[in-house]
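Asker: Handing you this structure, nothing more for now.
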Amino acid sequence: MSKTQAHQKYYYDRSARRRKFKQGDIVLFLLPSERNQLLMQWKGPYKVEGVLTVNDYKVNVNRTLKTLHVNLLKQFYQCETSDTRGPRSEEVGAISAWSVYLYSRSMTKRRRTRSMTTFF
Numbered sequence: 038m039s040k041t042q043a044h045q046k047y048y049y050d051r052s053a054r055r056r057k058f059k060q061g062d063i064v065l066f067l068l069p070s071e072r073n074q075l076l077m078q079w080k081g082p083y084k085v086e087g088v089l090t091v092n093d094y095k096v097n098v099n100r101t102l103k104t105l106h107v108n109l110l111k112q113f114y115q116c117e118t119s120d121t122r123g124p125r126s127e128e129v130g131a132i133s134a135w136s137v138y139l140y141s142r143s144m145t146k147r148r149r150t151r152s153m154t155t156f157f
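Written out as structure tokens, the structure is:
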């Protein structure tokens with residue numbers, strides 16, 4: 038039995054992503070979503086508590102240590118909390134290029150749907 042398990046682990050680990058974490062790193066964990074268990078979402082952040090092998094890590098998930106494969110983990114990068122909550126002073130009176138782009142995209146979608154409904 039253990040020989041078969043080792044053989045299957047070898048083939049599974051062969052296709053593993055090349056990621057390396059250290060103890061104390063902050064990671065995200067791939068879990069099923071709360072609404073649909075067939076959809077996966079990155080949850081976290083969680084802390085790596087230990088390294089077992091090249092592909093297996095001990096992660097503290099809600100005060101429980103879980104052994105997780107590297108394919109279920111992703112490095113967590115925290116955004117800088119600079120002044121990004123509101124528009125910049127130079128953009129207060131002007132329309133931003135992003136809003137113009139979004140408006141033009143919505144108009145092309147409307148035109149496409151209107152032209153398709155006229156055929157039927």
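Here the working numbering runs 37 ahead of the position in the sequence shown, where the first position is 1. The beta carbon of each residue, even a glycine, is placed where N, CA and C say it ideally should be.
(1) Quick check on the burial criterion: 16 or more other C-beta atoms within 10 angstroms. Buried or exposed for L110?
(2) Just the C-alpha distance for R100 and V91, rounded to the nearest angstrom, thanks.
(3) For D93, list the residues DSSP reports as bridge partners.
(4) With C-beta atoms as the reference, is Q60 less than 7 Å away from G87?
(5) DSSP state of Y114, grouped into three classes?
Answerer: With the structure as the only source:
(1) buried
(2) 23 Å
(3) H106
(4) Their beta carbons are under 7 Å apart, which means Q60 touches G87 by this criterion.
(5) coil
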